[in-house]
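Chemist: Before we start, here is the structure in question, set down as structure tokens.
Number of protein chains: 2
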Amino acid sequence: MRPDEGLDHPFAGDLNWLLHRVGAVLGSAQDEVARRHGLGIRGYVVLRTIAQSEGSSQLALGRDLGLDKTTLTAVLDRLEEAGLILRRPAPGDRRARVCEATAEGREVAGKAAEEIEATEQRLLAEMRPRDRDELVRLLRQLAFGPFADTAPISGSCI
Amino acid sequence: MRPDEGLDHPFAGDLNWLLHRVGAVLGSAQDEVARRHGLGIRGYVVLRTIAQSEGSSQLALGRDLGLDKTTLTAVLDRLEEAGLILRRPAPGDRRARVCEATAEGREVAGKAAEEIEATEQRLLAEMRPRDRDELVRLLRQLAFGPFADTAPISGSCI
DNA sequence: TATTGTTATACTCTATAACTATA
DNA sequence: TATAGTTATAGAGTATAACAATA
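Line order of the protein sequences matches chains V and G.
Per the numbering used here, the first sequence starts with residue 1, numbered consecutively.
Per the numbering used here, the second sequence starts with residue 1001, numbered consecutively.
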């Protein structure tokens, strides 16, 4: 890419547009992979989080991922129906339920993760690894800094 | 923010999740501003592009912004109904129509743009300007590099 | 009285395809 | 036969509020 590529585009300097445009291309490619594993990208994110965490409640899960509880209920319903997760009453608070991945759920999450990472590598093949890491570092700085305490946003594509 | 903030989060290293999370927080704040001007964030993006360009056809507009034609038709219908744009037959190709902003459309686009930029500055107050510029540069490298020729994606939040 | 989670409703958005008009 | 744009329809996703159970 030429260093000035895209500079004539009306939103070439607009952070929000760039985030959504790059996220849309990467996200739709990864969503396609997730669908081949019987999940959407959102189902994948939720399942993988559950598989990697130790029995967190639904509200805690929603806070971590920026999803509100009604959206999360629908996603968990599908994952549970597919036998990928279980919901158990939380020990110590009978209002809450904690989610656990089943053995099959962990297997699906792991296989999907491998393919989804490969998809990212393929799409980012032209970018220097150092730039990719820097991009992640800068985004993390926002996501876990000033943006960390934002209320859940459902229409967030994930 | 501590340098290791968020590193225990299951998706702290996932580029796609970070893009969507940061985009959701920034995007929903800017969408709220756009709504106060009678637009959504997508209507704002389309209107501003039209206001800054010289009579481009609808398909060209869609290609620039990554929107497909059916989505764009609906957005343009609302902008035209609100008196912010006009659609004229394209000179030289009577199938096509070119879009132009009205005086009111340019005024609304300009005022909304000011407030939307201020919103970004407020949310990014903690980030060094150099880092913000680097973030935009890296995203642009993808958006106008390997991602440039991706087909329109409607479910892209913008 | 507040919190966890579910359900119901209406609303918006999207995808697909069919369609008109023109090239 | 291909392209620019519109319309129709069905499906998915979302937001809001109300609700049950528990704290």
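Yeah, the Cβ is synthetic: ideal placement off N, Cα and C, and Gly gets one too.
Answer with buried or exposed for A1109 (chain G), where buried requires no fewer than 16 other C-beta atoms within 10 angstroms of its C-beta.
Modeler: Classification for A1109 (chain G): buried.
Chemist: Should L18 (chain V) be flagged as near chain G, meaning a C-beta pair shorter than 7 Å?
Modeler: Output row for L18 (chain V): interface = yes.
Chemist: Relative to the alpha-carbon of C99 (chain V), which residue among V:E126, V:A51, V:G43 has its alpha-carbon at the smallest distance?
Modeler: When each option's Cα is compared against that of C99 (chain V), the closest is V:A51.
Chemist: State the Cα-Cα distance for the pair G1038 (chain G) and V1025 (chain G), rounded to the nearest angstrom.
Modeler: Distance between the alpha carbons of G1038 (chain G) and V1025 (chain G) is about 20 Å.
Chemist: Please report whether the beta-carbon of I85 (chain V) lies at a distance below 7 Å from any beta-carbon of chain G.
Modeler: No - not a single Cβ of chain G is within 7 Å of the one on I85 (chain V).
Chemist: For a minimum of 4 consecutive residues, which ranges assigned as the alpha helix (DSSP H) are wholly contained in the stretch 82-158 of chain V?
Modeler: Qualifying alpha helix (DSSP H) stretches, in chain order: 103-123, 129-143.
Chemist: Determine the contact status of G43 (chain V) and V75 (chain V), defining contact as a CB-CB distance below 7 Å.
Modeler: Yes, they are a contact pair.
Chemist: Look at the alpha carbon of R21 (chain V) and the alpha carbon of L123 (chain V), and state the distance between them as a whole number of angstroms.
Modeler: C-alpha separation (whole angstroms): 14 Å.
Chemist: What do you get for T1073 (chain G), buried or exposed, if any count of 16 or more other CB atoms within 10 angstroms of its CB means buried?
Modeler: With fewer than 16 other Cβ atoms within 10 Å, it is exposed.
Chemist: May I ask you to report which of helix, strand or coil DSSP gives S28 (chain V)?
Modeler: Three-state DSSP puts S28 (chain V) in a helix.
Chemist: Around the Cβ of T1070 (chain G), are there at least 16 other Cβ atoms within 10 angstroms (buried) or fewer (exposed)?
Modeler: Exposed: under 16 other Cβ atoms inside 10 Å.
Chemist: Just to confirm the assignment, what range does the alpha helix (DSSP H) spanning D1064 (chain G) have?
Modeler: It spans 1058-1065 - the alpha helix (DSSP H) in which D1064 (chain G) sits, taken as one unbroken run.
Chemist: With C-beta atoms as the reference, is A1148 (chain G) less than 7 Å away from L18 (chain V)?
Modeler: No; because the gap between Cβ atoms is not below 7 Å, this pair is not in contact.
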